[in-house]
Each structure stands twice: as C-alpha cells, then as structure tokens.
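Data first, discussion second: the structure below is written as structure tokens.
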Amino acid sequence: MPGIDAAVETIFGPIAAFLSAVVFYKAPIFGGVPIIVVWLMAAAIFLTVWLRFQPITGLKHSIQVIRGRYTAKTDPGEVSSFQALATELSGTVGLGNIAGVAVAIAAGGPGAALWIAIFGFFAMSVKMAEATLGVMYRKVNADGTTEGGPMYYLRDGLAQIGRRRLGRVLAVLYAIFTLVGVF
Numbered sequence: 001m002p003g004i005d006a007a008v009e010t011i012f013g014p015i016a017a018f019l020s021a022v023v024f025y026k027a028p029i030f031g032g033v034p035i036i037v038v039w040l041m042a043a044a045i046f047l048t049v050w051l052r053f054q055p056i057t058g059l060k061h062s063i064q065v066i067r068g069r070y071t072a073k074t075d076p077g078e079v080s081s082f083q084a085l086a087t088e089l090s091g092t093v094g095l096g097n098i099a100g101v102a103v104a105i106a107a108g109g110p111g112a113a114l115w116i117a118i119f120g121f122f123a124m125s126v127k128m129a130e131a132t133l134g135v136m137y138r139k140v141n142a143d144g145t146t147e148g149g150p151m152y153y154l155r156d157g158l159a160q161i162g163r164r165r166l167g168r169v170l171a172v173l174y175a176i177f178t179l180v181g182v183f
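Just so we're aligned, residue 1 is where the sequence shown starts under the UniProt record's numbering, counting upward by one.
Laid out in structure tokens, this is it:
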C-alpha cells in the first residue's frame, strides 16, 4: 500500500510542476533568462531609482542609526536598532545565500559574481521598502509587543489606497503560501 508521501505527490505533483513551469518560464530574451528574474530585477531597478539610490545616499545615516546615535535608553521598543539589524540579517543571510553564491560561481564562472553583486545592489532597495512597510504597518499591542509583516502591510497598505479586498486576498495568500513553504 502506498504511503502518504506517494498520495501527496500524486495530488500536488502536477500542480507544483505547473506552477514551476509558470514561475520559471524562460523568456526568449537574454539567452533564456527565467521571467521571474527579469521581473524581480525590473522591480529592484525601479525601486532603486524611485527611492533616489538610498543604498548609497542613506549609508551614512544608516550607520549612525545602527550605532545608536538617534536612540535613548528610555525610548519605547523591544530591541535596539543594532539588535533589529542582527535579527534581520540572521533571517536573510543563510546557508542558501552562501551556498547559492558558490553554486552560481561554479556553474556560471567568475562572471556570476559580478551579476550577483549588481543584482544585490539593486535588491537592497527592495529590502529597504519591505522593511519600511513592515515598520509602518506593524501593530503595537497593549503590552508593548509588536506584530507585523507582509500580511499586515498588504492588508492595511492596500486598504489605505482603496484596495481593501485585494489587500485581504493577497495577505491571506501570502500567509498560506508561507505556511505551505515551511513544509
């Protein structure tokens, strides 16, 4: 008798294959680059320009914030700016990033390191926008703890511009996809 894993594979295998084919469809431009890479790079370049090259222009200020120049011991909050940075980096930079760079260089040659650096520069603006939205739309509870993340800023941010239903749908989908992605 087949196990549960075979049943799950039978049901979700075709769905996963279809979604993978859609997400990783190779566009007939730039030698068959997956369309998701083109889409992400376009968004990253747009945000970098729209935010006026914040990775460069805001570097001095960000270092001052991390070093605690703008905070006092009496300020409200659960963690310091440096603790928040360390937590964010620990959640962002993991084995996948380190091993991914090694695999990219092994598969694509040393030119891959250049493209990783270029893409990383523009991706900083995406990360900044994501973190800013997370702070703007977080919920501070009565006991001082905070709740937030993409589910909150999708729901509340889109509601502010009159897209309440779309925001709720995207927030629920994000939460579901995150839960499914964990397994």
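Beta carbons: idealized from backbone N, C-alpha and C, even for Gly.
Euclidean distance between Cα positions of residue i and residue j
i    : j    : result
F119 : V38  : 11 Å
Q160 : A131 : 18 Å
A113 : A104 : 8 Å
A171 : Q64  : 34 Å
A6   : A99  : 30 Å
V49  : I35  : 21 Å
A43  : Q54  : 15 Å
P150 : A102 : 30 Å
K139 : L89  : 22 Å
G68  : T74  : 13 Å
P110 : A17  : 31 Å
I4   : F12  : 12 Å
V169 : P14  : 24 Å
Helix, strand or coil at residue i [DSSP, three-state]
i           : result
P34         : strand
T146        : strand
K73         : coil
V79         : coil
residue 192 : Because the chain here runs from 1 to 183, residue 192 falls outside it and cannot be looked at.
Residue i classed as buried or exposed, judged by whether at least 16 other C-beta atoms fall within 10 angstroms
i    : result
G96  : exposed
R164 : exposed
Y25  : exposed
Distance between beta carbons of residue j and residue i, contact taken as under 8 Å
i           : j    : result
L133        : Y153 : 4 Å
P121        : M41  : The identity of residue 121 in the sequence shown is Phe, whereas the question assumes Pro. Contact flag wrong, Cβ pair sits at about 11 Å.
residue 251 : I66  : Outside the modelled stretch of the chain, which goes from 1 to 183, sits residue 251, for which no answer is possible.
T71         : S80  : 7 Å
S125        : L51  : 5 Å
Within-7 Å CB hit, residue i to chain B
i    : result
I118 : The chain labelled as chain B is not found in the depicted structure, where only one protein chain is given.
Next on the checklist: My parser needs the alpha helix (DSSP H) runs of 4 or more residues fully inside the stretch 79–122; what are they?
Outcome noted: 81–92 and 95–108
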